[in-house]
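Reminder that position 74 of the sequence shown reads as 63 in my numbering, one-by-one numbering, no gaps.
Even for Gly, the Cβ is constructed at its ideal location relative to N, Cα and C.
Notes follow the structure.
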Amino acid sequence: MGQIITITSGKGGVGKSTTVANLATAIAKEGKKVVAVDFDIGLRNLDMLLGLENRIVYDVVDVMEGNCKLSQALISDKNTNGLSFLPASQTKDKNILDIKKIEKLLDELKTIFDFVLIDSPAGIESGFEHSVYLADRALIVTTPEVSAVRDADRVIGIIDAKSKRAKDGSDVEKHVVINRLKPALVEKGEMLSIEDVLQILSLPLIGVVPDDEKVVSATNKGIPVVLSDESLSGEAYRRIAKRVLGEKVDFLDLRVKKGFGSFIKGLFK
Ligand SMILES: Nc1ncnc2c1ncn2[C@@H]1O[C@H](COP(=O)(O)OP(=O)(O)O)[C@@H](O)[C@H]1O
Ligand SMILES: [Mg+2]
């Protein structure tokens, strides 16, 4: 049976969809069968991050409403073997997802895939509770900003109170992803540090992704940054994928490099 991992956040725009696209790709590259499911109804953009927007015919609501079979709605990824994608519906009604129908769909996905990665709406949106209800694990994405971290903290409370696991007396395994860290700002004391964020959320860290313009260009190309060898953000996502699979991997050293190297660099500016 596959595992359901919901990628969620308190605030919008912190990098959930980017995280789903990259982790789904990286986990599939490790030889697992993965499906990325877009539950951000009405706001779909995971399709663009994967470069699959032109291939959409049916969506997650069509499957739940019986308009098509699951196999008809699943789209094979262009870049990565073993990765499939299930698009969100463009409907404006964010409450269209019914929990019984979601459960049936996710149960079916779990029989086919090793990992079901759900791209969730932000915690303030309706539809959020549905996307975390059946999660085995949750990755809470936040940027190192006070407002984002505070909203993430609320979302953790909701998962602990309202998930199916919570109702059954067990726990959803939760980890934090810190995205868009700018080490230079942290060193100047102008951005929350990794330690600051973890102290507020009191959850284990699964990865830190630096702010990286390569993420933006990858998004525009529809090819996740994890597929480019030279980007630091891609390396960060590859390491998170390995940790999801249970491997112990060192954290990236994101400190600003001082000394001779930066001196030389300075000369050529
Ligand atoms: N590590 C990063 N470095 C630079 N830009 C990023 C990074 N992560 C996300 N972004 C950008 O931030 C914006 C929001 O990301 P997205 O994944 O769509 O967030 P969400 O799904 O949480 O709304 C996008 O324009 C994306 O390209
Ligand atoms: Mg999104």
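| query | Which residue from Asp218, Gly112, Ile91 puts its Cα closest to that of Pro105? | reply | For the sequence presented, residue 105 should be read as Val rather than Pro. Closest option to Val105, Cα to Cα, is Ile91.
| query | So, do the stretch 7 to 20 and the stretch 206 to 223 have three or more beta carbon pairs nearer to each other than 8 Å? | reply | yes
| task | From the DSSP output, in three-state form, read off Asp108 for me. | result | strand
| message | Please state whether the Cβ-Cβ distance between Lys203 and Ser220 is less than 8 Å. | response | yes
| task | With a threshold of 16 other CB atoms inside 10 Å of the CB of Thr132, please say whether the residue is buried or exposed. | result | buried
| said: Here's the rule I'm using: 16 or more other beta-carbon atoms within 10 Å means buried, otherwise exposed. How should Phe240 be labelled? | reply: exposed
| Does the distance from the CB of Lys0 to the CB of Thr69 come in under 8 Å? | no
| query | Beta-carbon separation of Val161 and Leu190 under 8 Å? | reply | no
| C-alpha gap between Pro110 and Asp157, whole angstroms | 24 Å
| said: I want to check one thing, is the minimum distance from the CB of Val175 to the heavy atoms of ligand 1 below 7 Å? | reply: no
| Taking the C-alpha atoms as reference points, what is the distance between Ile16 and Pro193? | 20 Å
| field | Limits of the alpha helix (DSSP H) - the one that Asp51 falls within | value | 49 to 53
| Roughly how many angstroms lie between the CA atoms of Glu224 and Asp201, to the nearest whole one? | 11 Å
| task | Output the boundary residues of the beta strand (DSSP E) element that contains Val198. | result | 194 to 199
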